[in-house]
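Notes for the one structure printed next.
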Amino acid sequence: MRISIEIGVSLRLWGPPVGGEATVHLWFIEFTIGFGPDRRSGAPALDWGGFQGMLPPPKNRVRTIAGAGYTGEGAPPTRTAAKPWLVDNGGFTFTADSQVPVSQLFLDQGTSTPVATDEGVDILPMRKTGQVSEMRV
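Numbering (my numbering), first residue to last: 75 to 211.
If you want it as structure tokens, here you go:
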């Protein structure tokens, strides 16, 4: 005689402070065990000033890096507004790296229509959901 049992566990974590839920799946039942503080603990929502301290420094939030087609001297620099890049008129690539979520991407400063959109950005410490975060290239 052969007996087999199949058990699975799903784990959800959040924090800080760290808490979560473990859901145990058996072939005939499943149940959830909570641990740590609730996801929405009694801590008050942060205001913008309190949340800004959690962000990377302004100079590190967004950067653009020259790629193929950069014709300046030396290694491709990080973009600064004061010093424009010299690029090949036959084509040019660059990378835009953002340390903060982006929900809308615009390819022209003057346009009002994004070329790419995603779900809104949730800022959990502020208890805000569906916020718009734009990147304009």
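Note that beta-carbon positions come from the ideal geometry of N, C-alpha and C, so glycine has one too.
Pairing G141 with W159 gives a Cβ-Cβ distance that is not under 8 angstroms.
Take the alpha-carbon of T187 and the one of T203: they are about 22 angstroms apart. Taken through DSSP and simplified to helix, strand or coil, F102 comes out as coil. The beta carbon of V189 lies closer than 6 angstroms to those of L179, L181 in the same chain, with the five residues before and after it left out. Secondary structure of R135 (DSSP, three-state): helix. For the 8 angstroms CB-CB criterion, S177 and E193 form a contact. Sequence-distant Cβ neighbours of R86 in its own chain, meaning closer than 7 angstroms and more than five residues away, are G94, E95. Under DSSP, L87 forms a beta bridge with G94. Inclusion of L120 and M200 in the CB contact set at 8 angstroms is warranted, their separation being smaller than that value.
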